[in-house]
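Notes follow once the structure below has been shown.
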Amino acid sequence: MTPDLFQQIERCGAAVDLSSRAKWLLTGVDRVRYLNGQVTNDVRRATTKEALYTCVTNAKGRIEGDLFIHAAPGEALMLDAEPMLRESLSARLEKYIVSDDVLITDVTGEWKLLHAFGAAADKLAQMASSFPTGKGRMVRNNRFGVAGCDLWLGEAEPLPDFHFLQLTPEDIDIWRICCGIPRWPQELNAGSFPQEAGLETRAMDFSKGCYIGQEVLSRIKATGRMPRMLVKFQVHDPAFKTQSTGTPGPSWRLWAQSADGLKEVGMVTSMCLHPVLDQVIGLAYVRQGLEQELSLLLAPEGRSSILYKVEISW
7 MTPDLFQQIE RCGAAVDLSS RAKWLLTGVD RVRYLNGQVT NDVRRATTKE ALYTCVTNAK
67 GRIEGDLFIH AAPGEALMLD AEPMLRESLS ARLEKYIVSD DVLITDVTGE WKLLHAFGAA
127 ADKLAQMASS FPTGKGRMVR NNRFGVAGCD LWLGEAEPLP DFHFLQLTPE DIDIWRICCG
187 IPRWPQELNA GSFPQEAGLE TRAMDFSKGC YIGQEVLSRI KATGRMPRML VKFQVHDPAF
247 KTQSTGTPGP SWRLWAQSAD GLKEVGMVTS MCLHPVLDQV IGLAYVRQGL EQELSLLLAP
307 EGRSSILYKV EISW
């Protein structure tokens, strides 16, 4: 991504085609009650106008997936999640259906999904009146750190004629790292609690009642204790720009000085070159209590002789 493109996104917003995301339709009189027992947020707050963000967790409170929910016409709920979660979340969402009046239908191939944010979202919303009745709908949604909206269109319906800046998957990944947005599976995965990823206020409701994993997550809420915290960082050493960026996986670690020398205190999950700052930035999990540190050291797993100084920026 070029500096000009990044600044254009900041000024004018942009759009991204998310049609490849997994999508499900939930019907049946028990759909809200049942789904409320499976996710971390209060499904009763999902409407036809605004999507609700939530996580699916296991009995130990670890994340099995994240998804967006909105109410669909005809007494139904629509869900969407990362494409790679299509099979695993289908099985997970159906796992606890016993005598409930709930039907979960995979409708991934039946809908196009376009998301616009910033000023582009305002333009897209103005076009809503031109969509064929029953063939498309607009839903407000903050997916990438900026107020936006989703356009849902039936697969047979053409996309409207618009002139928004459209981002590639690579562009949107750089944008979400710059905005500090965690993503499956880099930051959100079976090793993470929602609160570790900073999702307590965005994806959780502690008064809605029981759900799978609620006991563990409520205890974290009460004590404030968790193994680690997600942070955003910058690498100030120009030499590091020559290293491979992108999604480094578990190979890069964060280290801190201690009385006994260097100790490993965190794991990098995502990195990219900031288009405007011309510095490598990233997201990482660090041990709780170190998220307020001004700086740590970055090195590959096993600690090489070369250590790069990083600054935690939140």
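Add 6 to the 1-based position in the sequence shown for this note's numbering, that's all there is to it. Heads up, the beta-carbon is just placed ideally off N, CA and C, and yes, glycines get one too. It should be emphasised that the depicted structure is a prediction, and the values quoted were computed from it without experimental measurement.
Other residues of its chain near residue i: CB distance less than 8 angstroms, five sequence neighbours each side excluded
| i | result |
| --- | --- |
| S301 | K315, V316, E317, I318 |
| A82 | L31, L32, T33, R37 |
Cutoff 7 angstroms; reference residue i; Cβ partners in own chain excluding five residues on either side
| i | result |
| --- | --- |
| W190 | G71, D72, E88, L91 |
| S45 | Looking at the sequence itself, residue 45 is Val, so the reference to Ser does not match. Answer for V45: T60, C61, V62, Y217, listed in chain order. |
| A131 | M144, C155 |
| G115 | E161 |
| L236 | P188, E193, E202, A203, G204, L289, Y291 |
Residues near residue i by beta carbon distance below 6 angstroms, same chain, minus five either side
| i | result |
| --- | --- |
| G252 | Reliability fails at G252, whose pLDDT of 49 lies under 50, so the model's placement of it is uncertain and no value is given. |
| S257 | P306, E307 |
| Q240 | Q285, I287, E317, S319 |
| S250 | Unreliable placement is indicated for S250, whose pLDDT of 49 sits below 50; the coordinate value is still reported in the next sentence. Taken in chain order, the list of residues that qualify is empty. |
| S198 | I69 |
| L99 | I110 |
| E297 | M235, V237 |
| R293 | R234, V271 |
| M133 | P166 |
| G2 | No answer is possible for residue 2: the residues shown for the chain start at 7 and end at 320. |
| Y40 | D106, V108 |
Endpoints, beta strand (DSSP E) assigned at residue i
| i | result |
| --- | --- |
| K129 | Segment 125-132 is the alpha helix (DSSP H) holding K129; no beta strand (DSSP E) there. |
| W261 | 258-264 |
| A245 | No beta strand (DSSP E) contains A245, which DSSP labels as neither H nor E. |
| D179 | Premise fails: D179 lies in the alpha helix (DSSP H), 175-185, not in any beta strand (DSSP E). |
| S276 | 267-279 |
Residue i - partner residues in DSSP beta bridges
| i | result |
| --- | --- |
| F150 | Answer by DSSP bridge pairing: none, since F150 is not bridged. |
| T60 | L73 |
| V45 | V62 |
| D36 | D36 pairs with nothing; no bridge assigned. |
| A203 | Answer is none; A203 lacks a bridge partner. |
| W117 | G160 |
| L236 | Y291 |
| W30 | L85, D112 |
| L302 | V316 |
| D107 | Note: D107 sits in no beta bridge, so no partner. |
| M144 | L157 |
| Q172 | A21 |
| A209 | DSSP lists no partner for A209. |
| A78 | A82 |
| A122 | A21, C155 |
Beta-carbon gap between residue i and residue j smaller than 7 angstroms
| i | j | result |
| --- | --- | --- |
| G67 | G204 | no |
| I180 | Q201 | no |
| A125 | C18 | yes |
| A28 | F170 | no |
| N42 | V35 | no |
| K238 | G295 | no |
| N64 | D211 | no |
| P9 | V274 | no |
| A77 | A57 | no |
| S25 | L119 | yes |
| V271 | A265 | no |
| I183 | C278 | yes |
Span of the alpha helix (DSSP H) around residue i
| i | result |
| --- | --- |
| D284 | Here D284 belongs to no alpha helix (DSSP H), and DSSP marks it neither H nor E. |
| A228 | 220-229 |
| I15 | 9-18 |
| E317 | Run containing E317: none in the alpha helix (DSSP H); it sits in the beta strand (DSSP E), 314-318. |
| L99 | 92-100 |
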